[in-house]
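These notes concern the structure reproduced below.
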Amino acid sequence: MSQAMRGFALLVGMAWSWAGGFLAVGSEAKSRGMDIRRAGQHALLSGPVGEETDLFILDRSGDLQQWDEIARVHRRLLPYPEAASTAGAFYRLTSRPRMPEADDWTNQLDLENRSLFMQPPGSGLGSAPFVKFTLDLDQDGRVYFQDTIRYPFHFPFIRARIPGYADMTLVDFERLALREDGQRLAVGTLVLAPDAAIREAGLIFEGSEPFPRERIEEWFFSALDRMGAREAWTVFYMPSFEQLPVARQNEDYFRERGIVVESASRWAGAVVCYARGWALGRVKAIPGSEIAAAYGDGRLSNGDILLTDHLPAEIPLVAGVITTEPATPNSHVAILARSYGIPFAYVGAAALQDRFHAVEGKEILLVLDREAGGDCEVEITETEGLLSDERRREILESKRPPALVLPPREDPGWLSAAAAGLWPEDARYVGGKAAHYGFLSREAPESTRPGLAFSFALWERYLKQEAPGGETLQQKIANRLAGHTFPPDMLRLREDLAAVRSWIEDTADFDAGQRSAIVEALGGFDANRKIRFRSSTNVEDSAVFTGAGLYDSYSGCLADDVDGDDRGPSGCDPAESKERGVFRALRKVFASFYNETAFVERLRFGIAEEQVGMAVLAHHSFVDEDELANGVATWEVRGGHGDWEVRGEVVTQLGAVSVTNPDGNTPPEVVEAVYAGSVAEAVLELRQQSALVESGSVMQWDEDYRTLAGRLDAVARAYRGWASSAEDVVLDFEFKKVQNEGVVVKQVRPVPQPPQVPPPVLDESATRAP
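Counting with this note's numbering, you get residues 992 to 1761 for the letters of the sequence shown.
Here it is as structure tokens:
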């Protein structure tokens, strides 16, 4: 044994079915207080206290020849459970100095030692210390508590530290850890009360679906048994949103087994504002599990103020959101609420919850703001009998978004054009995305794939085909969607939109002339490489409306449409058993014009359907396997050309892992770029590291980032020159780093800056909530 490895004792447990068992220990172990004893269904092994930087390794053997590691802990082995049925087992405890770069986890967590905990800044519930952990179900539930500062998420830690998972993908992680069928890992979080004087903790288990109560019980005690020095602590089960229904239905079951179901709200302050603003609407109390159904059947509408317990990841557009269970300031709901000016807050105090429940079903004016000290201020004013119909209309109209001045779609007389010749004013012919692609093609041709735009002429000719019954497809769609107003009847609207999308995707088709023209237009593309067809409408990518995420893009293979048959596999991907042609992809893009959210937004803004439509931007697809990185960048440009000031933010993720629709377990990298005048003088700062990168940055530092900044700066200057305006602008970019191509910029669009609307003044009857 090396000098660095120190052996303390050999522990021999003979036939643990005997009462009391049998133990033989070395003299050194006795002198340092090592022991082993029975405790119910477990044998508890404990060891000596080492130095702060010691690592203890506990091994087990059945023959004193083959030893298997069963635990690795920091500083000392506190009473550690080992299965009492392990008959005739031998145990060996050794120690060595801890290596900071590798020993960033432990199988036993000392609750009095916070070295592995993440401690968020601030005060209140948001500052609660927490540590992530993983149960390896293949190792009898061995628990890995990770250094949560170094590894704030489960996925990268499991890949790096748990044997057998070095090649695990995100898809594997979802299957092996977050779903019951085939599960081999259980992942969770231990959170402590934010007030150190309150010796309470909560165990949270994460999953994409509810887990059986028996599994939760098993995992709870597995994690609890591996917590040292917990005698003075009270540990609750705090179910996540997905586990909440099972937890509530089985509170008695858990209580009988010594598990108390609780919520982090027991530690929360009275109120937390996630998004400031105001709303006039009727309060509707809807459980989090019923929000989607309530929106569909009419119990919840866009004009209501939602009062709920837990929030799912996505909710429909409502006037305001109040939750009685804590959320997070970076949740999807919070981000969207800030974007739309929707007030959103958590209320934890019982008196304030009672105040909201007292106005359930009533119309109120809700105002959320922050006082000078940063605390959240809530005002509730009951408006029943206080507002005339005319005054109510005035208030609601003041909150409505400004009317959109959009270029009505026009048929330019041509079917397609090269994107390099397009300008923003051409959005009337090819939509916003394709029109803005022209800036990329001209100003950064070395980092932009050649693009082709199909104009609204293709859309209009497609809609004029005759549908069953003698009317055109355009007339059939208009008749089906006639009568819908904002806010819509969602049940009826969903049914109507589904029918329209089916007509476009599955029933209607391009005629022979259109097919021939499409194939000819795509002649410059490699027929055996997938082509990406991207939605480009005149209701997006403008200075007043972004429309991000409303429509869909699809890839198609030209070879599949010109090979003379409809048999697979695809000519662009032999792994695809069916053909995936370009005509199919174009129809799917067209159908996405009638996505639910897109149509509701057009209703909300009062946009006439006959003035809008779908054009398409086409370029070669990006293959996931070739992507080294992908990201988005925001360039805030202030001042004139002689006094140029830019603050840029680059958000990047490794490979093809999405940045625009991120997974909660994989936070991206964030780099800030600041410069005045010349981009060559830009100061770059790595503000957040990607969870998928062990060290350093996602792209090559800092060469790739300076290259990207130079290309984005060129596009921004061209945009300001085209706009001929001294006003500040904010541009949003999407980019990728691709094998053998380097950094490729794939999209630019202006980001609207919505005006701030102050809350209405009613009269002195307005009362502040307690």
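For each residue, glycine too, the CB sits at the ideal point set by N, CA and C.
Taking Cβ positions, are residue i and residue j nearer each other than 8 Å?
| i | j | result |
| --- | --- | --- |
| I1522 | S1544 | no |
| L1176 | L1128 | yes |
| N1529 | R1400 | yes |
| A1667 | A1700 | no |
| L1357 | I1296 | yes |
| L1395 | F1596 | yes |
| P1496 | A1582 | One point to set straight first is that residue 1496 is Glu, not Pro, in the sequence displayed. Yes, the Cβ-Cβ distance between E1496 and A1582 is below 8 Å. |
| V1251 | P1201 | no |
| T1559 | K1569 | Thr is not the amino acid found at residue 1559; the sequence shown has Gly there. Yes; because the gap between Cβ atoms is below 8 Å, this pair is in contact. |
| P1334 | A1255 | no |
| S1213 | V1134 | yes |
| Q1466 | A1499 | no |
| G1287 | L1482 | yes |
| L1069 | A1220 | yes |
| A1624 | E1640 | yes |
| R936 | D1719 | Given that the chain is displayed from residue 992 to residue 1761, the structure contains no residue 936 and the question cannot be resolved. |
| L1046 | S1106 | no |
What residue range is occupied by the uninterrupted alpha helix (DSSP H) comprising residue i?
| i | result |
| --- | --- |
| M1605 | No alpha helix (DSSP H) holds M1605; the beta strand (DSSP E) holding it covers M1605 to H1611. |
| W977 | This structure leaves residue 977 out entirely; the chain is present only between 992 and 1761. |
| D1695 | E1694 to A1714 |
| T1766 | The requested residue 1766 does not occur in the structure, where the chain is confined to residues 992 to 1761. |
Assuming residue i contacts residue j under a Cβ cut-off of 8 Å, what Cβ separation, rounded to an integer in Å, is found between them?
| i | j | result |
| --- | --- | --- |
| V1553 | L1577 | Actually they do not touch by this definition, with Cβ atoms about 15 Å apart. |
| G1572 | D1551 | 4 Å |
| L1645 | V1591 | Contact doesn't hold; Cβ gap of about 35 Å is too wide. |
| F1164 | F1146 | 5 Å |
| I1762 | M1109 | This structure cannot speak to residue 1762, because the chain is shown only from 992 to 1761. |
| V1309 | L1291 | 7 Å |
| T1299 | G1279 | 5 Å |
| S1407 | S1446 | 7 Å |
| H1475 | L1594 | 6 Å |
Rounded to whole angstroms, what is the Cα-Cα separation between residue i and residue j?
| i | j | result |
| --- | --- | --- |
| V1748 | R1391 | 10 Å |
| W1405 | E1462 | 25 Å |
| A1418 | A1705 | 21 Å |
| E1205 | T1097 | 26 Å |
| E1660 | S1686 | 11 Å |
| G1412 | A1512 | 15 Å |
| M1090 | V1064 | 12 Å |
| E1587 | E1486 | 10 Å |
| L1729 | A1435 | Sequence check: residue 1729 is Val here, not Leu. One C-alpha to the other measures close to 16 Å. |
| A947 | P1143 | What is shown of the chain runs 992 to 1761, which leaves residue 947 out entirely. |
| I1355 | G1423 | 39 Å |
| L1541 | A1589 | 5 Å |
| V1742 | R1150 | 37 Å |
| A1448 | Q1505 | 11 Å |
| A1636 | E1732 | Note that residue 1636 is Glu in the sequence shown, not Ala. If you take the alpha carbons of E1636 and E1732, they lie about 30 Å apart. |
| E1373 | G1712 | 51 Å |
| P1750 | A1709 | 38 Å |
| L1753 | R1384 | 13 Å |
| F1227 | G1442 | 57 Å |
| Q1738 | D1243 | 54 Å |
| I1189 | P1072 | 26 Å |
Would you give the residue range spanned by the beta strand (DSSP E) that residue i belongs to?
| i | result |
| --- | --- |
| R1575 | Here R1575 belongs to no beta strand (DSSP E); instead the alpha helix (DSSP H) covers V1573 to A1582. |
| H1065 | W1058 to H1065 |
| Y1244 | Taken as a continuous stretch (DSSP letters only), Y1244 belongs to no beta strand (DSSP E), being part of the alpha helix (DSSP H) at E1242 to E1247. |
| E1640 | E1636 to L1645 |
| D1380 | Careful: D1380 lies outside any beta strand (DSSP E), inside the alpha helix (DSSP H) at D1380 to K1390. |
| N1621 | E1618 to R1629 |
| L1049 | D1045 to S1052 |
| F1335 | F1335 to V1338 |
| Q1679 | V1674 to Q1679 |
| P1088 | A1080 to P1088 |
| E1370 | C1367 to E1373 |
| R1740 | G1733 to P1741 |
| I1313 | G1311 to T1314 |
| L1722 | V1720 to V1729 |
| S1407 | S1407 to A1409 |
Between residue i and chain C, is any beta-carbon pair separated by less than 8 Å?
| i | result |
| --- | --- |
| R1523 | Considering every chain present, this structure includes no chain C. It has just one protein chain. |
* To do: Please list the segments of the beta strand (DSSP E) lying wholly inside the region 1416 to 1466, counting only runs of 3 or more residues, in order along the chain.
  => 1443 to 1445
* Segments assigned beta strand (DSSP E), at least 3 residues, entirely inside the region 1479 to 1565 -> 1522 to 1528 and 1545 to 1547
* To do: Quick one: which unbroken beta strand (DSSP E) runs of 3-plus residues sit fully inside the region 1268 to 1295? Chain order, please.
  => 1268 to 1276
* alpha helix (DSSP H) runs wholly inside the region 1118 to 1202, at least 4 long, in chain order -> Counting whole runs of 4 or more residues, the region 1118 to 1202 contains the alpha helix (DSSP H) stretches 1145 to 1152 and 1161 to 1168.
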